[in-house]
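Participant: After the structure tokens below, expect a handful of questions from me.
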Amino acid sequence: MESCSFLRLPAELVLHILSHLEPFDLVKTAQTCRTLQQHSYDDFLWLPLVQRNIVGSPVDGTSFPSYRELYAAHHPHWFLPRHRIWFSDSSPSGKLLVARYEPNAGRIAAYTVTAARGPHTLQSWEKNRSVIIHHFNPEVSLDLTRPVLNLAPHKANREAETSDEQPSGQRPAPSSKYGKEVLMDNFTEQGLYAAFMLCRALPEEAITESTHVWPPLRIPAQARTRNVSGDDFRSAGHRPTTFDEISQYNFRVRKWVEFGTRGSHPAVSPAHAFNTPDGFAAALGRVHPFFAARFNAYSPSGVSVRIPEEITTYATLPPSCYTPTPAKPYQGIWCGDYSGHGCEFLVITQPDKEQARPLPEGMAWLRNWFAGRDAGPLGSANRYANTDVDVDILGGVDEEEIEEEESSGDEKTRFPMDNTLDHTTAGSSSRAAVEVTDHPDAPSGRLEAIKLTGDPYIPRGEFTFVAPDIGAGGFIRIADEQAFRGARVVRSAGHVADRDFELDQYTPSQLILLSHNTLAQFWERMGHISYYQRVDLDALANTHTFSSSRNMNLRNGGGETIT
7 MESCSFLRLP
17 AELVLHILSH
27 LEPFDLVKTA
37 QTCRTLQQHS
47 YDDFLWLPLV
57 QRNIVGSPVD
67 GTSFPSYREL
77 YAAHHPHWFL
87 PRHRIWFSDS
97 SPSGKLLVAR
107 YEPNAGRIAA
117 YTVTAARGPH
127 TLQSWEKNRS
137 VIIHHFNPEV
147 SLDLTRPVLN
157 LAPHKANREA
167 ETSDEQPSGQ
177 RPAPSSKYGK
187 EVLMDNFTEQ
197 GLYAAFMLCR
207 ALPEEAITES
217 THVWPPLRIP
227 AQARTRNVSG
237 DDFRSAGHRP
247 TTFDEISQYN
257 FRVRKWVEFG
267 TRGSHPAVSP
277 AHAFNTPDGF
287 AAALGRVHPF
297 FAARFNAYSP
307 SGVSVRIPEE
317 ITTYATLPPS
327 CYTPTPAKPY
337 QGIWCGDYSG
347 HGCEFLVITQ
357 PDKEQARPLP
367 EGMAWLRNWF
377 AGRDAGPLGS
387 ANRYANTDVD
397 VDILGGVDEE
407 EIEEEESSGD
417 EKTRFPMDNT
427 LDHTTAGSSS
437 RAAVEVTDHP
447 DAPSGRLEAI
457 KLTGDPYIPR
467 GEFTFVAPDI
477 GAGGFIRIAD
487 EQAFRGARVV
497 RSAGHVADRD
507 FELDQYTPSQ
517 LILLSHNTLA
527 QFWERMGHIS
537 YYQRVDLDAL
547 ANTHTFSSSR
557 NMNLRNGGGE
567 TIT
């Protein structure tokens, strides 16, 4: 019996079969014969491959002759808009980016997420007039004036080659095209350069608690890469040689300043770009000037002079850790009010018990506080906390560590518990915890807040607060004061430190669950209550919204839109 030829099938069936192939497989199929080449080039196949990398908006037309050519023009960089949320390891402040494909320009770009505090009012807390409530209405937006990533089609399709026409900062290209850097047109000022670098993920079995990786182990990640290198990430171990070696969850950006008459890059006086060294520092995202003493960046002889470079590593977050669900309604990217430090971004996760890592070191001394066995800062209100909790509430904290820290009393000496609310009314807690926690909608489990951007005291990548149990075990009361009426209040631990992250430790605090989009934190030792607002990621990623409007939308506890 004569066998049926694949090529004799109707075109519709052939296209349906080919639609299950990945791009590399389609390319190989196109090389078999002219008929399959024609089928493999069909936009019916390539439009979905482009669309799956573009979040939040449908692909509607392209300036390229076909979607296949569009896909090829930005290969292998489509993972950038696909994951869209990226955060850097630059210390201490870090940087949060939103990446997207911009069809009008035909490029992949990533912009810094910024926030302004907006109207700021202060109010005394009626439970304790010495405690100040800092109201918070942040204006979150993308800084569209200067992209961090700017991968135009011709840049994405053509690797930069080292020659006299390239700035000296561009190193000789590795043997593989995937290891080459892509020079980006990020700056209008002469002498400033930025290059995009693909990188390799570090195998999980090679990572230990002491390994320098980004993101750190406390942040959920699908892959991690080294962020410390003795050779500025030049070696083959850092740069991919094949497509399969490319980390889809990390990348690097190298920035430097150079002046001089090198090829098509003439010498430029620093005054033509920035008037002070601080101007250069700001351009490279540095907090302080980084020039060596008496080092002149401009040479009147015309010799190229190069300023020390900066290499920043970026990572993304798995959507499962920041996407809210009915069981984990507080997960997300949030904007927090850190008073004099300004606005900072954090990711709030609600890990499952079996996936949760041990709580941070230094929290063992708060064991009684979390379990409700220590009156501590709650005073009489603490009488109504549920003390019948599992001793495993600190999940993973070693018993020997607990005994050692409790016996030393070092933390308690620095931050002794007192009866801050002894003089307040306990009526807000007169309902037994079981009345609330037995409600079918009552939350449960752990809540962790980790900084994506930071400050000189608590840098990026560190916990800012942790609530080990927002359910029955950590329940304190239902607020009856006007500012937080009806909100659930649970025990938490706030992370504080001296400048440069010295002597960091955790202190008792109260997390006020106002809504799934608004939280507040009572910082006991600091005597103030600050707010956190959920960030609308879809608004940030929407091209049309931010091409015409600076501010994004935030939803408050009542579901109204604040602009």
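So the sequence shown is numbered by our numbering: it starts at 7 and just counts up by one. All residues carry an ideal CB built from backbone N, CA and C; glycine is no exception. Bear in mind that the values here come from a model prediction, so they are computed numbers and not experimental data.
Around the Cβ of Cys327, are there at least 16 other Cβ atoms within 10 angstroms (buried) or fewer (exposed)?
Facilitator: Translated into the one-based positions of the sequence shown, residue 327 becomes position 321. Looking at its Cβ environment, which holds 16 or more other Cβ atoms inside 10 Å, Cys327 is buried.
Participant: Taking contact to mean 3 or more Cβ pairs, one atom from each stretch, closer than 8 Å, check whether the segment 363-377 and the segment 492-504 are in contact.
Facilitator: yes
Participant: Counting pairs of Cβ atoms below 8 Å between the segment 32-40 and the segment 504-522, do you hit three or more?
Facilitator: no
Participant: Which residues bound the beta strand (DSSP E) around Cys341?
Facilitator: If you number the sequence shown from 1, residue 341 lands on position 335. Looking at the DSSP string, the run of the beta strand (DSSP E) that includes Cys341 is 338-343.
Participant: If you draw a straight line from the alpha carbon of Gln129 to that of His347, how long is it in whole angstroms?
Facilitator: The sequence position of residue 129 within the sequence shown is 123, counting from 1. The sequence position of residue 347 within the sequence shown is 341, counting from 1. Cα to Cα, Gln129 sits roughly 19 Å from His347.
Participant: Nearest by alpha-carbon distance to Gln57: which of Thr329, Asp250, Val65 is it?
Facilitator: Position 51 of the sequence shown, counted from the first residue, corresponds to residue 57. Checked all of Thr329, Asp250, Val65; the closest Cα to Gln57 is Val65.
Participant: Evaluate contact between the segment 112-124 and the segment 138-152, counting only Cβ atoms and requiring at least three cross-stretch pairs below 8 Å.
Facilitator: yes
Participant: Identify the residues that DSSP records as bridge partners of Pro514: which are they?
Facilitator: The residue labelled residue 514 in the question sits at position 508 within the sequence shown. The partner list for Pro514 (beta bridge, DSSP) reads Ala499.
Participant: Beta strand (DSSP E) containing Ala455: first to last residue?
Facilitator: As a working mapping, residue 455 is identified with position 449 in the sequence shown. 453-457 is the span of the beta strand (DSSP E), which, as asked, contains Ala455.
Participant: Just checking, does the segment 193-200 make contact with the segment 233-249 on the three C-beta pairs under 8 Å criterion?
Facilitator: With contact defined as three or more Cβ pairs closer than 8 Å, the segment 193-200 and the segment 233-249 are not in contact.
Participant: Should Ala166 go down as buried or exposed, given a rule of 16 or more other Cβ atoms within 10 Å for buried?
Facilitator: Start at 1 with the first residue of the sequence shown, and residue 166 comes out as number 160. With a pLDDT of only 46 at Ala166, under 50, the local geometry of the prediction cannot be trusted, and the value read off the model is given with reservation. It counts as buried.
Participant: For Gln539, does the three-state DSSP call read helix, strand or coil?
Facilitator: Along the sequence shown, read from residue 1 onward, the residue named residue 539 stands at position 533. Three-state DSSP puts Gln539 in a strand.
Participant: Quick one: give me the first and last residue of the beta strand (DSSP E) that Ile482 is part of.
Facilitator: Walking along the sequence shown from the start, residue 482 turns up at place 476. Here the beta strand (DSSP E) through Ile482 covers 481-484.
Participant: Keeping to the same chain, check which residues put their C-beta closer than 7 Å to that of Leu509; ignore five residues upstream and five downstream.
Facilitator: What you label residue 509 is simply residue 503 of the sequence shown in a count that begins at 1. Contacts found: Ala503.
Participant: Looking at C-alpha atoms only, which residue of Val495, Gln511, Leu352, Glu530 is the closest neighbour of Arg466?
Facilitator: The sequence position of residue 466 within the sequence shown is 460, counting from 1. Minimum Cα distance to Arg466 is reached at Leu352.
Participant: Beta strand (DSSP E) containing Val119: first to last residue?
Facilitator: Locating residue 119 in the sequence shown gives position 113, counting from the first residue. Residues 113-122.
Participant: Only counting the same chain, and skipping five residues up and downstream in sequence, which positions put a Cβ closer than 8 Å to that of Gly112?
Facilitator: Residue mapping note: residue 112 aligns to position 106 of the sequence shown, counting from 1. Contacts found: Thr68, Ser69, Phe70, Leu76, Ala79, Ala158, Pro159.
Participant: Mapping the DSSP letters down to three states, classify Leu15 as helix, strand or coil.
Facilitator: In the sequence shown, counting from the first residue as 1, residue 15 sits at position 9. It is coil, neither helix nor strand.
Participant: Compute the minimum distance between the beta carbon of Lys457 and the heavy atoms of the ligand GDP, and state whether it is under 7 Å.
Facilitator: Of ligands this structure carries none, so the ligand GDP is not represented either.
Participant: Let me make sure I understand the geometry here. Which of Tyr463, Phe471, Ser216 has the alpha-carbon closest to that of Ala455?
Facilitator: Stepping through the sequence shown from its first residue, residue 455 is reached at position 449. Nearest C-alpha to Ala455: Phe471.
Participant: Going by DSSP in three states, Pro153 sits in which element: helix, strand or coil?
Facilitator: Here residue 153 refers to the residue found at position 147 of the sequence shown. In the structure shown, Pro153 sits in coil (DSSP, three-state: anything other than H, G, I, E or B).
Participant: Excluding the five sequence neighbours on either side, which residues of its own chain have a C-beta within less than 7 Å of the C-beta of Asn156, listed in chain order?
Facilitator: Residue mapping note: residue 156 aligns to position 150 of the sequence shown, counting from 1. The residues are Arg113, Ala115, Met190, Asp191, Asn192.
Participant: Quick check: the Cα distance between Arg497 and Tyr538, rounded to an integer number of angstroms?
Facilitator: The sequence position of residue 497 within the sequence shown is 491, counting from 1. The sequence position of residue 538 within the sequence shown is 532, counting from 1. Going from the Cα of Arg497 to the Cα of Tyr538 covers about 17 Å.
Participant: Apply the 10 Å Cβ neighbour rule to Asn233 and answer buried if 16 or more other Cβ atoms are within range, or exposed otherwise.
Facilitator: Translated into the one-based positions of the sequence shown, residue 233 becomes position 227. The residue in question, Asn233, is buried, as its Cβ has 16 or more Cβ neighbours within 10 Å.
Participant: Among Arg452, Ala321, Ile317, whose alpha-carbon lies nearest the alpha-carbon of Glu360?
Facilitator: Here residue 360 corresponds to residue number 354 of the sequence shown, with the count starting at 1. Considering only alpha carbons, the answer is Arg452.
Participant: Quick one: using the 10 Å Cβ neighbour count with 16 as the cut-off for buried, is Leu103 buried or exposed?
Facilitator: For the purposes of this step, residue 103 is identified with residue 97 of the sequence shown, where counting begins at 1. Under this definition Leu103 is a buried residue.
Participant: Given Pro324, which residues of its chain have a CB within under 8 Å of its CB, disregarding the five upstream and five downstream residues?
Facilitator: Translated into positions along the sequence shown, residue 324 becomes position 318. The residues are Pro226, Ala227, Gln228.
Participant: Below 8 Å on the Cβ atoms is my guess for Pro87 versus Tyr107; work out the distance and round it to an integer in Å.
Facilitator: Translated into positions along the sequence shown, residue 87 becomes position 81. Translated into positions along the sequence shown, residue 107 becomes position 101. Right, their Cβ atoms sit about 5 Å apart.
Participant: Please work out which residues of its chain come closer than 6 Å, Cβ to Cβ, to Thr443, disregarding the five sequence neighbours upstream and downstream, and give them in chain order.
Facilitator: As a working note, residue 443 is residue 437 in the sequence shown. Legend: pLDDT at Thr443 = 46, less than 50; position of this residue unreliable, value from coordinates given subsequently. Once the five neighbours on either side are set aside, the close Cβ partners of Thr443 are Gly477, Ala478, Phe481.
Participant: Note the first and the last residue of the continuous beta strand (DSSP E) segment covering Leu102.
Facilitator: Stepping through the sequence shown from its first residue, residue 102 is reached at position 96. Element bounds for Leu102: 102-108.
Participant: Please tell me whether Pro449 and Arg505 are closer than 8 Å, where the distance is taken between their beta carbons.
Facilitator: Locating residue 449 in the sequence shown gives position 443, counting from the first residue. Locating residue 505 in the sequence shown gives position 499, counting from the first residue. Not a contact, by the Cβ cut-off of 8 Å.
Participant: Quick one: grab the DSSP three-state call for Asp261.
Facilitator: What you label residue 261 is simply residue 255 of the sequence shown in a count that begins at 1. It should be noted that the sequence gives Lys, not Asp, for residue 261. Assignment of Lys261 by DSSP, reduced to helix, strand and coil, places it in the strand class.
Participant: By Cβ distance, which residues of its chain are closer than 7 Å to Thr329, with the 5 residues on each side in sequence left out?
Facilitator: Start at 1 with the first residue of the sequence shown, and residue 329 comes out as number 323. Around Thr329: Gln337.
Participant: Report yes if the C-beta distance between Leu458 and Gly100 is below 8 Å; otherwise report no.
Facilitator: Position 452 of the sequence shown holds residue 458. Position 94 of the sequence shown holds residue 100. At a Cβ-Cβ threshold of 8 Å, Leu458 and Gly100 count as neighbours.
Participant: Tell me, please, which residues DSSP counts as bridged to Leu189.
Facilitator: Residue numbering aside, residue 189 sits at position 183 when the sequence shown is read from its first letter. Per DSSP, Ala201.
Participant: Any idea if Ser253 is buried or exposed, counting beta-carbon neighbours within 10 angstroms, 16 or more meaning buried?
Facilitator: To locate residue 253, count along the sequence shown from 1; it is residue 247. Answer is buried; the Cβ neighbour count reaches 16.
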